[in-house]
Structure formats: C-alpha cells, structure tokens
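K.L.:
Once you've had a glance at the structure underneath, I'll fire off some questions.
Protein chains: 2
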Amino acid sequence: MGEMSTGSSGGSEGVAVPKAVVARLSLYCRELQHLVQQGRTTINSAQLGKRLGVTDAQVRKDLAYFGQFGYPGIGYRCGELVEQIRRILGTTESWSVVLAGVGNLGHALLRYRGFADQGFRIVAAVDVAPQKVGQEIAGVRIGHLDRLSEVMQAHDIRIAVLAVPAPQAQRVAQQLVDAGIVGILNFAPVTLTLPEDIAVVGVDLSIELEQLVFAVVKKGVRP
Amino acid sequence: MGEMSTGSSGGSEGVAVPKAVVARLSLYCRELQHLVQQGRTTINSAQLGKRLGVTDAQVRKDLAYFGQFGYPGIGYRCGELVEQIRRILGTTESWSVVLAGVGNLGHALLRYRGFADQGFRIVAAVDVAPQKVGQEIAGVRIGHLDRLSEVMQAHDIRIAVLAVPAPQAQRVAQQLVDAGIVGILNFAPVTLTLPEDIAVVGVDLSIELEQLVFAVVKKGVRP
DNA sequence: GGTTGTGAAACAGTTCACAGCC
DNA sequence: GGCTGTGAACTGTTTCACAACC
C-alpha cells in the first residue's frame, strides 16, 4: 500500500497530494468552466468555495499544492485557472479510451456526450458476443476482446472503461492489463486485483445509491 | 446533531460517523456478499481488509462505530455481517426509486440489473419529451415530469436518480424536492443547490475519468 | 493457539489568522 | 480597501498494541 515516498519519476510535484484534494480540483474545474461559459472572468476563493460547499481557505490550500495561480486583491482568473487545473490533472490533451463490454451501460457510455466535452474519446470498444462484434455504435466499431492489443496499438490507447458483468470483470481486467492498459475506470461491482502500478477508479452504481440511502436514513427517513 | 444516549446493544448511532467509514461499509458488504455466494461462512478482519486494500485495524474500527459484530478467535460470520451492515446502511428493506430523465444514461439505468440485486427498484420514470412519455422500458412506465407528485405518491417514493442534461439539472432537482424527494443521486455534471436537509450524492462520469487520468499521469504516462 | 474491540499514539487534513501584495 | 498564500493550531482519521475473550 505505501509507496512513492521519494517523489521522483514523471510527476513534477514533490509533496504527496491528498486524494481528496485531487477530487476537489475536478469540482473546481467543472464549476470554473460553467463560470467561463457565463462570461465571468474572475472569482475569489470564498465565492468559488461557497458554490461547492468548501471553505475559502480550503480552495486556496488545494490550489497551493500545485503553484500560485491567484492575484491578491482580485482572486483567480476563471479561464486561466481552468487551464492550470487541466494541466495539473493531465487533461489538456485529449485521451483515447477503449470500452470493454458493450451491454446496457457500455452502450450508454458510448453515446454519452459528456466525455467528449472534457477531452475523452472512446475510440474503440470490445466485447465477446458475436452479434455485437462488427457492429458500430455512435461511430465506434466493436472489436473482439481477443483483438484488444491490435485495437489499442491502432489508436494509441492507455486507459479503459470496464463495463462487463461482475463475473467477467477480473478476467477482462487482467486481459486489459496484459494488453498494456495502465488505468481502468471500473463499473463492475467487484474489487479488482491487479498489479500495483495499474491505476483503478471504481464506480459502483448500487454503492452510490446505498450511500445516498444512508444519508437519508440518518435524517430519519425510511423506505 | 447527534446526542449520545442508548446503552449498548441495539445499535443506534450517537457519534458522528466519518463519511469514509460509510463508504467502506458498502465495500465490506459487497465483498461479504461475494464470499457468502462462494459458500464461505467466516472471515477475519485481516483477510477481509486485504481483499479491499485496507488494514485489519481499519476494518475493526469501522465496524466498531456501530456495535460488536465479531467473535474473538473466529472473526466475523459472513452472512450475519452482511445483514448487520445492510441494517446500518438502511438497505434491509427495498427502496423504490424514481428516475428523472430517460436519455442515454437513464435508459441504461432503467435496464441495469445491479440495482435490483441490492434492493433498489426503479418503479417509475419521468421525462418531458412527448415521444418518451407513455412509453414503457424494462417494465417501467415513463410519465411526464409535471405529474411527478402523483407518480411518487402512487409508489411511495423517497429517493430519485437524476439523469437529465446539465442545463436542466438544477431546475428538475428543485421539482423533485418540491414533490417530496429527500435524496438525489445526481449524474448531471453540475453542483446542485438545494435545501440542507436534502441528501445529494453526485456521480460525474467525466470527473471519474479525470481522477483516473491524474493517477496515471502521476506514474509518468501521457496520452 | 487465534482474533476482536479499544484506548493511546501517530499521522493526515482542515481551519485559522495574518503577513504580504495589489 | 480586498484578496492570496502559508505557517501554526486544530481537528479528524488511521495505526499501533494489548487486555479480554473464545
């Protein structure tokens, strides 16, 4: 579990950044993009924080992990800060993504417009069902899982979205890793066991609902 | 907001429970359910923790917030602990859910089997598009957003899944609250502004990918 | 033997408050 | 005047380590 104490290799930042800070960075970025769309040019830490339910000091501290982006007496320039955060997150350039598993959810993810807006492009999909392989959905051709390596090399893909049924998830994840994938967004309701150098972010829709139910029950509500 | 009282057994919560603890509770529960399916009857904190990447002490401390569920020398009985955690989370009984917004994502959520497995039932859906209203998908009738109150009362619904486009999200969320919804699982990429007593859990698919990209870039990978 | 539950210690994250800057 | 960036203080969370128990 504990690694990367000596902040070397690749990343330009020395100190370890709390995971919670990175999560908030995405929220700041999203809110700032909305502000830019509305034509707003500057915002201060208190105003930005209030919109997201965090304190002004928190906003400043979070950003201070990565540099000095504000202007004393003014605040932050919205457009400029969006670019800086995108640079920090690594989303200034567009990322090519492969989708593994074109079921209900995979199908919806292929058509989801939100990804493109943030610089993500699902450029390929793979599945094992013969009736799906060869099809094209939202302009994306579905290949066979066994041809994964070819697909990945053809499109220079590094990260994958895993949307296969739970029983297949571990096996397919391993195939993704074998083919060279270094990051997986996992929608299957299982904990993947993979090499430490593979990044995994899990999204379990039922768990999100459970967390909501707990918050609701805490307030005294019952089904 | 909590007061301490209640003697010992019969677990009711007095102390504030960290959000992170509740999140892990869901993970424990999911893993335990898999274990039960495999026929396993007991597990100790170290084994359970290892599967999820947390320490044994963490597992025990998390559970200790809610009572004493383990057996010294043995560990935890899987089936029993699943029930206890479900009781804590409030998911022993089935929850009825309304889906607001039957686009790509909403469509997939209506068909998603994972919800039913965890005791969630999307029993109604609402939208505003005339060609969608009146349709039936996965056995769920789509009603008009304006008839929300009737739909909710008919099915005794407390919580909602919000899957409308970003520009409509705040307005529709307000309508949900006005109709009596007390918890919202929000898939729209916006921060909702709602009364404090409304529970909101946000899932932004692009943000999840951003977090994955950051983790990958940290390791030295580039698109 | 093995394992839990839990105070105490250690660590991490957040808030405070103010110097410095515009 | 307004606001950021940041060390120091504080709060919350995780880990340690051991008595109690099976």
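In order, the protein sequence lines correspond to chains A and B. Per the numbering used here, residue 1 is the first one in the first sequence, and the count goes up by one each step. Per the numbering used here, residue 1 is the first one in the second sequence, and the count goes up by one each step. Beta carbons are placed, not taken as given, at the ideal position from N, Cα and C, and that holds for glycine.
Out of B:Arg-222, B:Val-221, B:Ser-206, B:Lys-219, point me to the one whose CA is closest to A:Ala-23's CA.
P.N.:
Here the closest residue by C-alpha is B:Ser-206.
K.L.:
Measure the alpha-carbon distance for B:Leu-35 versus B:Pro-165 and round it to whole angstroms.
P.N.:
Answer to the nearest angstrom: the Cα atoms are 39 Å apart.
K.L.:
What are the start and end residues of the alpha helix (DSSP H) that includes B:Asn-104?
P.N.:
Element bounds for B:Asn-104: 104–111.
K.L.:
Mind checking if B:Gln-168 is an interface residue toward chain A, Cβ cutoff 8 Å exclusive?
P.N.:
With 8 Å as the cut-off, B:Gln-168 does not count as an interface residue toward chain A.
K.L.:
Measuring alpha carbon to alpha carbon, tell me which residue in A:Leu-176, A:Ala-124, A:Gln-47, A:Ile-184 is nearest A:Val-140.
P.N.:
Among A:Leu-176, A:Ala-124, A:Gln-47, A:Ile-184, the Cα nearest to that of A:Val-140 belongs to A:Ala-124.
K.L.:
Provide the residue span of the alpha helix (DSSP H) that contains B:Ser-206, from first to last.
P.N.:
Element bounds for B:Ser-206: 205–218.
K.L.:
Here's a check: name, in chain order, each residue in its chain whose Cβ is nearer than 7 Å to the Cβ of B:Ala-200, leaving out the five neighbours to either side.
P.N.:
According to the sequence displayed, residue 200 of chain B carries Val and not Ala. Hits under 7 Å: Ile-184, Asn-186, Leu-192, Leu-194.
K.L.:
Can you check which of these residues, B:Gly-73, B:Phe-66, B:Glu-93, B:Trp-95, is closest to B:Leu-81 by C-alpha distance?
P.N.:
Selected option, being the one with the closest Cα: B:Phe-66.
K.L.:
By the 10 Å Cβ neighbour count, where 16 or more other Cβ atoms means buried, how is B:Val-126 classified, buried or exposed?
P.N.:
Counting Cβ neighbours within 10 Å, B:Val-126 comes out buried, since at least 16 surround it.
K.L.:
For B:Asp-156, I'd like the list of residues in its chain whose CB is within less than 7 Å of its CB, leaving aside the five on either flank, ordered along the chain.
P.N.:
Excluding positions up to five away in sequence, the list reads Ser-96.
K.L.:
What is the rounded straight-line gap between the Cα of A:Ser-5 and the Cα of B:Thr-42?
P.N.:
In this prediction, A:Ser-5 scores a pLDDT of 31, lower than 50, which makes its location untrustworthy; no coordinate-derived value is stated.
K.L.:
Counting only C-beta atoms, is A:Ala-23 closer than 8 Å to chain B at any point?
P.N.:
Closer than 8 Å: yes.
K.L.:
Is there a Cβ of chain B sitting closer than 8 Å to that of A:His-107, yes or no?
P.N.:
Yes, contact with chain B.
K.L.:
Between which two residues does the alpha helix (DSSP H) containing B:Leu-176 stretch?
P.N.:
Start and end: 166–178.
K.L.:
Would you call the segment 76–91 of chain A in contact with the segment 129–145 of chain A, where contact means no fewer than 3 C-beta pairs closer than 8 Å?
P.N.:
With a cut-off of 8 Å, the segment 129–145 of chain A and the segment 76–91 of chain A do not count as touching, because too few Cβ pairs lie within range.
K.L.:
I need the straight-line Cα distance from A:His-107 to B:Pro-72, nearest angstrom please.
P.N.:
Approximately 48 Å, taken between the alpha carbons.
K.L.:
In whole angstroms, give me the CA-to-CA distance for B:Gln-174 and A:Glu-31.
P.N.:
Their backbone Cα atoms lie some 19 Å apart in a straight line.
K.L.:
Tell me whether A:Pro-72 counts as near the ligand ADP, meaning its Cβ is closer than 7 Å to at least one heavy atom of that ligand.
P.N.:
The ligand content of the structure shown is nil, which means the ligand ADP is not present either.
K.L.:
Taking 6 Å as the limit between beta carbons, can you name the residues of its chain near A:Leu-25, skipping five residues before and five after?
P.N.:
Closer than 6 Å at Cβ, skipping near neighbours: Ile-85.
K.L.:
Report the rounded CA-to-CA distance for B:Glu-101 versus B:Val-203, giving the unit in angstroms.
P.N.:
Checking the displayed sequence, the identity of residue 101 of chain B turns out to be Gly instead of Glu. Distance between the alpha carbons of B:Gly-101 and B:Val-203 is about 15 Å.
K.L.:
Between A:Glu-83 and A:Thr-92, what straight-line distance do the alpha-carbon atoms span, to the nearest angstrom?
P.N.:
C-alpha separation (whole angstroms): 7 Å.
K.L.:
Which partner residues of B:Val-126 appear in the DSSP bridge assignment?
P.N.:
B:Ala-100, B:Gly-143, per the DSSP bridge assignment.
K.L.:
Closer than 7 Å between beta carbons: that is the criterion. Which residues of the segment 121–134 of chain A meet it against chain B?
P.N.:
Here the close residues number zero.
K.L.:
Measuring alpha carbon to alpha carbon, tell me which residue in A:Val-177, A:Ala-163, A:Arg-171, A:Arg-111 is nearest A:Ser-304.
P.N.:
Shown here, chain A extends from 1 to 223; a query on residue 304 of chain A therefore has no answer.
K.L.:
On the CB-based measure, 16 or more other CB atoms within 10 Å of its CB, does B:Ala-154 come out buried or exposed?
P.N.:
Exposed, since its Cβ has fewer than 16 Cβ neighbours within 10 Å.
K.L.:
Find the residues of chain A that neighbour B:Gln-38, judging by a C-beta separation of less than 9 Å, and give them in chain order.
P.N.:
In chain order: nothing, as chain A lies at least about 12 Å away.
K.L.:
Look at the alpha carbon of B:Arg-171 and the alpha carbon of A:Gln-168, and state the distance between them as a whole number of angstroms.
P.N.:
Their backbone Cα atoms lie some 39 Å apart in a straight line.
K.L.:
Using DSSP bridges, identify the partner residues of B:Asn-186.
P.N.:
Bridge partners of B:Asn-186: B:Leu-162, B:Gly-202.
K.L.:
Thinking B:Leu-209 and A:Phe-120 are a contact (beta carbons under 8 Å), I'd like their distance in whole angstroms, please.
P.N.:
Sure, about 5 Å apart at Cβ, within 8 Å.
K.L.:
Considering only C-alpha positions, which residue in the set A:Gln-47, A:Arg-158, A:Val-216, A:Leu-109 is nearest to B:Val-213?
P.N.:
Per the Cα distances, A:Arg-158.
K.L.:
Suppose the cutoff is 6 Å on Cβ atoms and the five residues either side in sequence are ignored; what does the same chain contact list for B:Leu-63 look like?
P.N.:
Cβ within range, chain order: Phe-69.
K.L.:
Does the beta carbon of B:Pro-18 come closer than 8 Å to any beta carbon on chain A?
P.N.:
It does not: the Cβ of B:Pro-18 has no partner Cβ on chain A nearer than 8 Å.
K.L.:
Could you check whether A:Val-161 and A:Leu-89 sit closer than 8 Å to each other, using their CB atoms as the reference points?
P.N.:
Against a cut-off of 8 Å, the Cβ pair of A:Val-161 and A:Leu-89 comes out as no contact.
K.L.:
Please tell me whether A:Arg-147 has its Cβ less than 8 Å away from any Cβ of chain B.
P.N.:
It does not; no Cβ of chain B falls within 8 Å.
K.L.:
Name the DSSP beta bridge partners of A:Arg-295, please?
P.N.:
Within the shown structure, residues of chain A are numbered from 1 to 223, placing residue 295 of chain A beyond reach of any answer.
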